Amino acid sequence: MLDTGNFVLATSSSGILWQSFDEPTDTILPGQVLNQRSRLVSSFSSTNASSGRFELFLDGELALHTIKYPIDVTNSAYWLTVTGGSGNQVRFNQLGIYLHAANGTLLTLISSSNETNSTASQFYQRAILEYDGVFRHYVYPKRSSSGRPMAWSTLHSIPDNICLLLPQNLQREWVACGLNSLCSMGTDRRPRCDCPIKYIFNDPKDKLGSCRRNFPEQDCKVESRGAEPFTMHEMLSTNWFGGDFEYYADVTEDWCKQSCLNDCYCVAAVYHPGKECWKKRYPLLNGRTDPQEASKTFLKITKDNSTVGPTTTTTNTTPWSQAGEKRKNQSSVIISVSVLLGSLVFILMLLALLYVFKFRGRYPKKFSAYQAVPGVNIRSFSYNELEEATNGFEEELGTGAFSTVYKAILNDENGKVVAVKKLHKTVTEGEQGFLAEVNSISRTNHKNLVQLLGFCNEGQHRLLVYEHMEAGSLADLLFKESRLSWSPRVQVAIDTAKGLCYLHEECSNQIIHCDIKPQNVLLDENLTAKIADFGMAKLLRKDQTRTTTKIRGTRGYVAPEWFRNMPITVKVDVYSFGILLLELICCRKSYKQDVENENEMILAEWACDCYRRKELHLLVGDDEEAIEDIERFEKLLMVAIWCIQENPALRPSMKEVILTLEGSVEVSTPPDPFSFIRFV
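Those letters in the sequence shown? Residues 247 to 926, per my numbering, in order.
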């Protein structure tokens, strides 16, 4: 061990066989040199010395970036030198830390030891990339007469305030703190990560990690209750960067807050005094609170007396947990509630009278289904027939946003088993969805689409009768311990692609499904996959290739263009299929919160990272069949990455997807699917 701290393995003639200075971990010492492609990796925490989240890397530029996305150092950097890529060597001596070119030219000073106001040789020095992502230069006096305390003290920090720094890709990367977490600088000039009110850490031991909701999310399927159980919590001097799906200019603060409250996809709204509003989706990224921050955040949380589900009241002493909480005295509450209840009773009485005198008898108890849906030549059932077939709607097979599906046995000579879908919506809303489904499905005929056998259009009752799928939904078979084996999963992917291709390219009217997900892919007794649920389908005429409409689909499978002012085309289904394909080959859900490594939460991002790192084994896991067929696994992964491109124009058609899945066409290397968002 040399006085420099370098541990050397030498020969008898002093030849160096190995030295610790060539294998740095998170620390460098005076006399040590970092050459091209050298790196420092932070520890995981102050008490856990295993590899952490941050890396200092020299590759033409000296850069700090998160290890989560080491695909491109420059793109992933949250701090870097700007030398035109000519940096070749980092040298640490008693005068400081310097970046040099290959010819020895000094390019930039990283940290100077002259700031000690004393002779640099009077101090011990070290520089360390710490677990919080900050590269700190420390000094320790050799003698008490130096004027500095006899302890390690920070001479220089890079960056000075990591909370203010942002990654290159705001939509999928974060720096100091994890998802849904807020970064603030403590009095010790170290970053601190806090969960906002009613959010808790995924791992209580990881205080720089991600947070999660400690209350049920707003369900887009629960139409009747809407935003009633939720409120907007005001957080002053707080902002979140990235994760926007809508932006509005020249709007009021109240409008911004109410718009998010009424939008089931919105979890927070950031309002800037310049009358600008950004609506954010889950999870929240790059949160920070800072006294100089002009924006405020309205965070959607459940009310304390909400009945949405179990909630935990969180006592939070941080500034954002106190802002906007106004107490009202008890008498005011009683008066307000009384007035509201009285008004509600009065309105209900008026509505009842209006119904009796104006609308009673508007709908006959029964009328011909062929009058409601001209040209549909499938069987029409009475409501009593289906009520009897389902035994009073006894056995539920599944439930969706606007309907519940029941098992039924028809009263015919064969006793055919069918599935009866009962729509929940009101007459007006329900009829719209009902007619859309009957008209679209009755004209389709493909082995990979669930067959519509009949319907009921009687009074206020809207029901659809489908063929019964013995094996149930793909979700039932994919996310359980007794999962589908590799070969059937591949075939399910091909079947689903063929069904979508038929809807997009072979129907008389092009159909966008809008809600492709495992729950809407059903399997028969032979494990043949068939696409179900056309309740959200969007039909296009032959001369119409795109449309715009309100957001449809299920969280996690919705294409980015739904959240932007972009045309909606069949490519939204291609995106959803890409997510489904990832779930099929990896046998896990698109978003999984209970994971040890937060980088694995969002399947699409994790899969892309594993592909670029050539670490497919992490995705395959213990699936021996997939391991034996790893070349095909990689091919399917590449197809999925093409399908989830942020730029719709880069996504393939479903016909092209089929050709690649079946091996007729080779798959080219896909680009980073998330790069397009930087230019939108």
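In this text, a Cβ means the ideal position worked out from N, Cα and C, and glycines have one as well. As the structure is a computational prediction, the values presented were derived from the model and not from experiment.
Check the C-beta distance from residue i over to residue j and give it rounded, since I have them as a contact under 8 Å.
i	j	result
Leu-746	Phe-823	6 Å
Leu-768	Val-696	6 Å
Ala-717	Asp-770	6 Å
Ser-284	Arg-299	So it is not a contact: roughly 19 Å between Cβ atoms.
Leu-454	Trp-486	Actually they are not in contact, since the Cβ atoms of Leu-454 and Trp-486 sit about 17 Å apart, beyond 8 Å.
Ile-624	Leu-698	6 Å
Verify whether the separation of the beta carbon atoms of residue i and residue j is less than 7 Å.
i	j	result
Ser-359	Gly-342	yes
Trp-884	Pro-919	The question names Trp, but residue 884 in the sequence shown is Met. No, these two residues do not count as a Cβ contact at 7 Å.
Ala-219	His-383	Only positions 247 to 926 of the chain appear in this structure, which leaves residue 219 out of reach.
Ala-635	Val-651	no
Pro-405	Trp-325	yes
Ala-927	Phe-879	Not covered by the structure: residue 927. The range shown for the chain is 247 to 926.
Leu-710	Lys-667	yes
Asp-268	Leu-286	no
Ala-743	Met-900	yes
Phe-369	Pro-276	no
Ile-762	Leu-826	yes
Asp-819	His-759	yes
Leu-280	Pro-442	no
Val-207	Lys-526	Since the first residue shown for the chain is 247 and the last is 926, residue 207 is missing from the structure and cannot be characterised.
Thr-548	Phe-476	yes
Leu-248	Leu-255	no
His-346	Leu-355	no
Can you name the residues that DSSP bridges to residue i?
i	result
Val-911	Answer by DSSP bridge pairing: none, since Val-911 is not bridged.
Trp-732	Note: Trp-732 sits in no beta bridge, so no partner.
Thr-645	Thr-650
His-383	Ala-373 and His-402
His-989	Nothing can be reported for residue 989: it is not among the residues displayed for the chain, which extend from 247 to 926.
Trp-486	Gly-533
Trp-325	Leu-310
Taking all protein chains shown into account, decide if residue i is buried (16 or more other Cβ within 10 angstroms of its Cβ) or exposed.
i	result
Phe-253	exposed
Asp-378	buried
Asn-426	buried
Gln-464	buried
Val-816	buried
Gly-646	buried
Pro-894	buried
Thr-327	buried
Val-497	exposed
Thr-250	exposed
Gln-371	buried
Glu-908	exposed
Asn-703	buried
Asp-658	exposed
Gln-340	exposed
Glu-480	buried
Met-478	buried
Thr-543	buried
Gly-867	exposed
Gly-700	buried
Tyr-609	Note that Tyr-609 scores 35 on pLDDT, short of 50, meaning its location in the model is unreliable; the coordinates nonetheless yield the value given after this. Tyr-609 comes out exposed.
Thr-557	Below a pLDDT of 50, predicted positions are generally treated as unreliable, and Thr-557, at 36, falls in that range; no measurement from the model is reported.
Val-911	exposed
Have a look at the options and flag the residue whose alpha-carbon is nearest the alpha-carbon of residue i.
i	options	result
Ala-495	Cys-512, Ala-872 and Glu-522	Glu-522
Asn-349	Gln-335, Leu-355, Gln-340 and Ile-356	Gln-335
Pro-387	Ile-757, Thr-400 and Ser-836	Thr-400
Glu-492	Cys-856, Ile-356, Glu-807 and Pro-462	Glu-807
Gly-489	Thr-906, Arg-438 and Pro-529	Pro-529
Ser-483	Lys-667, Thr-250, Leu-669 and Leu-428	Leu-428
Leu-828	Ile-814, Ile-848 and Glu-751	Ile-848
Gly-644	Gly-661, Asn-657 and His-714	His-714
Thr-329	Ala-309, Gln-340 and Ile-313	Ala-309
Gly-705	Asn-485, Tyr-629 and Ala-514	Tyr-629
Glu-846	Leu-830, Ile-831 and Leu-865	Leu-865
Glu-844	Leu-275, Ala-347, Pro-276 and Asp-449	Asp-449
Cys-431	Lys-451, Glu-419, Leu-410 and Phe-447	For the record, residue 431 in the displayed sequence is Met; it is not Cys. Here the closest residue by C-alpha is Leu-410.
Phe-725	Ile-831, His-346, His-311 and Glu-631	Ile-831
Glu-892	Asp-875, Glu-376, Ala-850 and Glu-902	Ala-850
Glu-751	Gln-278, Arg-459, Gly-424 and Glu-902	Glu-902
Lys-838	Cys-439, Gly-802 and Tyr-445	Gly-802
Gln-265	Ser-258, Ser-259 and Gln-278	Gln-278
Cys-753	His-707, Ser-688 and Met-812	Ser-688
Leu-375	Arg-389, Val-385 and Ser-403	Ser-403
Phe-958	Glu-474, Lys-444, Lys-451 and Asp-452	What the structure shows of the chain is the stretch from 247 to 926, and residue 958 is not part of that stretch, so it cannot be assessed.
Quick check: is the beta carbon of residue i nearer than 7 Å to any beta carbon in chain D?
i	result
Lys-776	You won't find chain D in this structure, because it holds only one protein chain.
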